[in-house]
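Read through the structure below, which is laid out as structure tokens, and then see the notes.
Chains as they are written, first to last, in my numbering: chain P, 34 to 145; chain R, 320 to 433.
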């Protein structure tokens with residue numbers, strides 16, 4: 034079982050719709066969670082971090098965390114073609130060197 | 320701009336050759352990480368430096384791999400006797416200061432071993 038699991042997709046949504054990306058993790062010691070966006074051939078770009086249960090909103094992005102269910106999600110409102118990318122979910126333990134474990138990513142396609 | 324640069328951006332080498340990559344964070348980035356990413360996978364942790372001390376190494380980092388961070392500034396990752404399986408994107412990431420867990424990546428070095 035992978036430590037961080039994501040559906041590889043592709044997830045296709047029409048322009049202007051809400052894209053919902055999901056992630057589960059297996060290590061209950063994980064305390065910090067991140068969403069990265071990665072365009073083809075480029076390095077990952079941090080778009081959201083979340084540390085507490087509940088929702089965190091930043092512009093068109095909302096991250097949701099449920100530690101009891103070991104579940105993290107990312108909602109993208111008013112999806113744009115420029116949002117088409119692979120979205121990586123990542124989890125980090127709380128101590129030491131903050132090792133970050135990444136999922137394999139979900140490819141999002143926003144259809145104009 | 321994350322303030323992290325990596326060189327070279329692309330490297331093509333023949334199997335058996337040695338290669339070295341460099342990561343340059345800005346001076347206050349005291350925590351530095353190396354990752355490897357292959358096609359269709361997420362980044363995999365290789366090693367971690369706090370200032371000049373290498374504090375953690377993944378079992379992925381075989382004896383052919385070595386990393387250094389002299390004086391806690393730039394870092395290098397060397398692969399000796401490259402194999403085709405080493406073909407990947409090598410990513411450097413840093414955390415700024417001590418109050419956040421957010422890692423920011425450099426642009427990466429794409430290695431192709433022929």
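Backbone N, C-alpha and C fix where the C-beta goes; we use that ideal spot for every residue, glycine too. Keep in mind that this is a model prediction, so the values were computed, not measured.
Closest in C-alpha terms to residue 144/P, from the list 116/P, 135/P, 138/P, comes 116/P. At least one beta carbon of chain R lies nearer than 8 Å to the beta carbon of residue 67/P. Judged by DSSP secondary structure, residue 394/R falls within the beta strand (DSSP E) whose first and last residues are 394-398. Under the three-pair Cβ rule at 8 Å, the stretch 385-405 of chain R does not count as touching the stretch 41-51 of chain P.
Not one beta carbon of chain P lies nearer than 8 Å to the beta carbon of residue 397/R.
The three-state reading of DSSP puts residue 362/R in coil, since its state is none of H, G, I, E or B. The beta carbons of residue 126/P and residue 64/P sit about 7 Å from each other, so the pair counts as a contact at 8 Å. In terms of CA proximity to residue 412/R, 343/R leads the group 339/R, 331/R, 336/R, 343/R. Within a 10 Å sphere around the beta-carbon of residue 114/P sit fewer than 16 other beta-carbons, which makes this residue exposed.
If you look at residue 348/R, you'll find it isn't in any beta strand (DSSP E); DSSP assigns it neither H nor E.
With a threshold of 8 Å between beta carbons, residue 94/P makes no contact with chain R. Within chain P, no residue has its beta carbon less than 7 Å from that of residue 373/R; the closest one is some 10 Å off. Put simply, of 432/R, 349/R, 348/R the residue whose alpha carbon is nearest the alpha carbon of residue 401/R is 432/R. Interface with chain P (8 Å Cβ-Cβ cutoff): residue 322/R is excluded.
When the beta-carbon positions are compared, residue 56/P and residue 112/P stay at least 8 Å from each other. Boundaries of the beta strand (DSSP E) harbouring residue 373/R: 372-376, taken from the DSSP string. With its beta carbon less than 8 Å from one in chain R, residue 77/P belongs to the interface.
At least one C-beta of chain R is nearer than 8 Å to the C-beta of residue 132/P. In the DSSP assignment, residue 87/P falls within the beta strand (DSSP E) that extends over 87-91. The Cβ neighbour count for residue 327/R, taken over all protein chains shown within 10 Å, is under 16; the residue is labelled exposed. Residue state for residue 115/P is assigned as helix, using DSSP reduced to three classes.
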